[in-house]
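**Q** Structure provided below as structure tokens; questions to follow.
Residue numbers (the working numbering): 310 to 387.
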């Protein structure tokens, strides 16, 4: 795979490898809040949304960025 390259020049803003642990924790919090909401009011029409207690800007990669046409070849390596 020495010649493999990304086709779309989108990467994380920082050099973090993964946000897996943070995403797992955020989804666990979301499921817990939804369960609590349903138990307290089974007829609740509005359930809590993920963005209420989680933000991609607070995770390790700090969101993503599009590099455009002037991207360095090093960025496109897999």
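Positions of the beta carbon are idealized from the N, C-alpha and C atoms, including for glycine.
These numbers come from a predicted model, not from an experiment.
(1) Of all the options 323, 341, 339, 314, which has the alpha carbon lying nearest to the alpha carbon of residue 373?
(2) Going by the DSSP bridge assignment, what does residue 311 pair with across the sheet?
(3) If you follow the alpha helix (DSSP H) that residue 329 is part of, which residue opens it and which one closes it?
(4) List the whole-angstrom C-beta distance separating residue 357 from residue 342, where the pair is believed to meet the contact cut-off of C-beta under 8 Å.
(5) Near residue 366, which residues of its chain fall below 7 Å by C-beta distance, leaving aside the five closest residues on each side in sequence?
**A** Reading it off the structure:
(1) 323
(2) Residue 311 is not bridged to any residue.
(3) 329-349
(4) 5 Å
(5) 372
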